[in-house]
Amino acid sequence: MQGARIRYTPTTAPEMGTETKRNMEVLLEVDPAKSAGQGFGSAGQYLDVCIKTDTDTLDGYGLRIIRTAAHSDAVSMYLIQYVRGQAQCISREVVTNCFVTGCRIWVRYENGILSAKAWTVTEPTVVQQERGYARGVELTAEVGRRENAENTGLLIWHTGSLGTENWRNTTMLHGVSILYF
-15 MQGARIRYTP
-5 TTAPEMGTET
5 KRNMEVLLEV
15 DPAKSAGQGF
25 GSAGQYLDVC
35 IKTDTDTLDG
45 YGLRIIRTAA
55 HSDAVSMYLI
65 QYVRGQAQCI
75 SREVVTNCFV
85 TGCRIWVRYE
95 NGILSAKAWT
105 VTEPTVVQQE
115 RGYARGVELT
125 AEVGRRENAE
135 NTGLLIWHTG
145 SLGTENWRNT
155 TMLHGVSILY
165 F
């Protein structure tokens, strides 16, 4: 089996106040080992960053970052909805070169609107500029207020392999910040 998952469900004790806070956002700081912008070792491998997730049933919303066969120096990003562990695309797809060293990924749910941004300070290569890849990504989708309203979990799912020397296809997770509001 390859890949890794992080599932986080916060304490819902009254003193935490999470049962009254319906909105949520997460910010990740990551460094993919792949430096050309393709992010993963093989086409079809992906990283999902999901919020408002039931970590048992895997219902929730998120951002998918996926390597496709179409690009060797970029990834595609789009918003997803998980229903019983199966992801469905719910937004347009953007081809970007921002999934490199210093990548920041922000996903937010507020009052029925799912938003995501991804960016980096790393400069694109000349070839990436010529190909017109997006330097950063901003996506939004209306998802409604009732479905998954009670969910407060976080799911980070990386399906990549280790690659040669057991690290060349990995993604270093430097920081995760979660805010409920």
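With my numbering applied, the sequence shown corresponds to residues -15 to 165, in that order.
We treat Cβ as the ideally placed atom computed from N, Cα and C, and that holds for glycine.
A quick note: this is a predicted structure, and the numbers were derived from the prediction, not measured.
### Message
Could you tell me the alpha carbon to alpha carbon distance between A20 and V160, rounded to whole angstroms?
### Response
24 angstroms
### Query
Measuring CA to CA, which of G28, R51, Q65 is closest to E131?
Q65
### Message
My assumption, with CB atoms under 8 angstroms, is that R167 sits in contact with C82. Please give the rounded CB distance.
### Response
In the structure displayed, the chain extends from -15 to 165; residue 167 sits before or after that span and is not available.
#### Entry: Sequence-distant residues of the same chain with beta carbon closer than 6 angstroms to A176, five excluded per side
Nothing in the structure corresponds to residue 176, since the chain is present only between -15 and 165.
### Task
Note down the Cα distance separating R48 from Q29, rounded to an integer number of angstroms.
10 angstroms
### Query
Within 10 angstroms of its Cβ, does M(-15) collect 16 or more other Cβ (buried), or is it exposed?
With a pLDDT of 46 at M(-15), under the threshold of 50, the modelled position of this residue cannot be trusted; read the value that follows with caution. Flag for M(-15) reads exposed.
### Query
To which residues of the same chain is T85 closer than 6 angstroms at the C-beta, ignoring the five residues directly before and after it?
D15, T106
### Query
What runs of the beta strand (DSSP E), each 3 residues or longer, lie entirely inside the region 102 to 158?
121 to 126, 137 to 142
### Task
Counting only the same chain and skipping the five closest in sequence on each side, list residues whose C-beta sits under 7 angstroms from that of R6.
A133
### Spatial neighbours of L146 in its chain, beta-carbon cut-off 7 angstroms, leaving aside the 5 residues before and after
N153, T154
#### Entry: Nearest neighbour of L157, chosen from V111, V127, V67, R88 [CA to CA]
R88
### Query
Bridge partners of G96, per DSSP?
According to DSSP, G96 bridges with nothing at all.
#### Entry: Between the CA atoms of I35 and G46 - distance to the nearest angstrom
6 angstroms
### Message
Can you list, in chain order, the residues of its chain with a C-beta nearer than 6 angstroms to that of E92? Leave out the 5 residues immediately preceding and following it.
### Response
At residue 92 the sequence reads Arg, which differs from the Glu that was named. Answer for R92: E9, S99, listed in chain order.
### Message
Tell me the DSSP secondary structure of L12 in three-state form.
### Response
strand
### Task
Can you grab the Cα-Cα spacing for the pair H185 / Y(-8), in whole Å?
Residue numbering for the chain in the displayed model covers -15 to 165; residue 185 lies beyond these limits and cannot be assessed.
### Query
What whole-angstrom Cβ distance do T39 and L139 have, given they're in contact under 8 angstroms?
6 angstroms
### Query
In this structure, what does DSSP give as the bridge partners for D32?
R48, W141
### Task
With distances taken Cα to Cα, identify the nearest neighbour of N135 among D32, Y164, G(-13).
Y164
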